[in-house]
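Just so you know, we're using this note's numbering here: the sequence shown kicks off at 2 and counts up by one.
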Amino acid sequence: MHKHITMLCSFLNFQKIEHFRGVHALPHHDWARCMRLFIVGLSQGPLHHIFYIWLDKILPRKNARTVGKKILLDQLLAAPMFAISFFVVAGLLEGKQFYSTLEEFKRKFPAVYLFDWMIWPPSQSINFLYVPVPYRVLYINCITVVWDAFLSYMKHYDQLPPPAEISELQMHHEKTHRLDSKHVDSSCEESCCDEHSKLRDL
Numbered sequence: 002m003h004k005h006i007t008m009l010c011s012f013l014n015f016q017k018i019e020h021f022r023g024v025h026a027l028p029h030h031d032w033a034r035c036m037r038l039f040i041v042g043l044s045q046g047p048l049h050h051i052f053y054i055w056l057d058k059i060l061p062r063k064n065a066r067t068v069g070k071k072i073l074l075d076q077l078l079a080a081p082m083f084a085i086s087f088f089v090v091a092g093l094l095e096g097k098q099f100y101s102t103l104e105e106f107k108r109k110f111p112a113v114y115l116f117d118w119m120i121w122p123p124s125q126s127i128n129f130l131y132v133p134v135p136y137r138v139l140y141i142n143c144i145t146v147v148w149d150a151f152l153s154y155m156k157h158y159d160q161l162p163p164p165a166e167i168s169e170l171q172m173h174h175e176k177t178h179r180l181d182s183k184h185v186d187s188s189c190e191e192s193c194c195d196e197h198s199k200l201r202d203l
């Protein structure tokens, strides 16, 4: 559960970065996008659990050589499996066809896998060799914040509208918000006038 909460926080923080850079189409958080990725995380949780239990069974020792074997198996087996499940499930939740999700995976997997090799083998080496057991979950959650934000970027970077269109959408949202505010204000004024009229009649 802690991992899933961390994941949701990562997606929200990345959207804040998009807002700061001016490349987010909406003036507020895209909660539908966050929930889609949250569901993807929930679907992957049991698979992670099963895989790492199996890994501990076949490689029970905790020396440097065994840790190296675990990391290698993690990178060669788990990383591709979880990457394809991420893009397929997230794409299906967006309403895409299955073949489209596979095409997106093929297009983006090289960059995802390269970054996977950059971040996880060193992180897991430190985790298994030096981090005390009570603090391992906290340590991995800190690394996961960066990893989940990267996955969110890779999933959506080519779905963002061009900068000019983003500006138009943001202006449209601001204009709509101002009109709604004026409508509320005018409604309040009319209500107050009606109340004053009733009081004078009395």
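Note that the Cβ used here is the ideal one computed from N, Cα and C, for glycine as well.
- Query: With C-beta atoms as the reference, is residue 80 less than 9 Å away from residue 57?
  - Reply: no
- Member of 131, 112, 71, 132 whose CA lies at the smallest distance from the CA of residue 148: When the alpha-carbon of residue 148 is set against those of 131, 112, 71, 132, the nearest one is in 112.
- When DSSP labels each residue in this structure, what does residue 96 get in the three-state scheme? coil
- Message: Excluding the 5 residues flanking residue 37 on each side, which residues of the same chain have their C-beta closer than 8 Å to its C-beta?
- Response: 91, 94, 95
- Query: Nearest to residue 106 by alpha carbon, out of 78, 84, 115?
  - Reply: For residue 106, the nearest C-alpha among the options comes from 84.
- Could you tell me if residue 33 is buried or exposed, where buried requires 16 or more neighbouring beta carbons within 10 angstroms of its beta carbon? exposed
- Message: I'd like the ranges of any alpha helix (DSSP H) spanning at least 4 consecutive residues and lying wholly in the stretch 73-160.
- Response: 80-94, 99-130, 137-157
- Task: Please name the residue, chosen from 39, 115, 109, 123, that lies closest to residue 69 on a Cα-to-Cα basis.
- Result: 123
- Task: Taking residue 119 as the reference, give the member of 153, 157, 144, 78 with the closest Cα.
- Result: 144
- Query: Going by the CB atoms, is the gap between residue 156 and residue 87 shorter than 9 Å?
  - Reply: yes
- Same chain, Cβ closer than 7 Å to residue 102, five either side skipped, listed in chain order: The answer, listed in chain order, is 88, 89, 92, 93.
- Beta-carbon contacts of residue 40 that lie in its chain and below 8 Å, excluding the five residues immediately before and after: 90, 94
- Message: I need the straight-line Cα distance from residue 110 to residue 82, nearest angstrom please.
- Response: 11 Å
- Message: Just to confirm my understanding: we take residue 44, look at its own chain, exclude 5 residues before and 5 after, and list those with CB closer than 6 Å. What are they?
- Response: 90
- Between 160, 115, 46, 65, which lies nearest to residue 129 when the distance is taken from Cα to Cα? 65
- Please look up how many angstroms separate the CB atoms of residue 71 and residue 60, rounded, as I've assumed it's under 8 Å. 5 Å
- Task: Please say whether residue 125 and residue 159 have beta carbons closer to each other than 9 Å?
- Result: In this structure, residue 159 sits away from residue 125, with a CB-CB distance that is not shorter than 9 Å.
- Query: With 16 other CB atoms within 10 Å as the buried threshold, where does residue 121 fall?
  - Reply: Counting C-beta atoms within 10 angstroms of its own C-beta, residue 121 has 16 or more neighbours from the protein chains shown and is therefore classed as buried.
- So, residue 140 versus residue 132, is the Cβ gap smaller than 9 Å? yes
- Task: Output the distance between the C-alpha atoms of residue 152 and residue 114, rounded to the nearest integer angstrom.
- Result: 11 Å
- Item | Reduced DSSP secondary structure (H/G/I, E/B, other) of residue 1 | Past the boundaries of the shown model lies residue 1; the chain is included only from 2 to 203, so the question cannot be answered.
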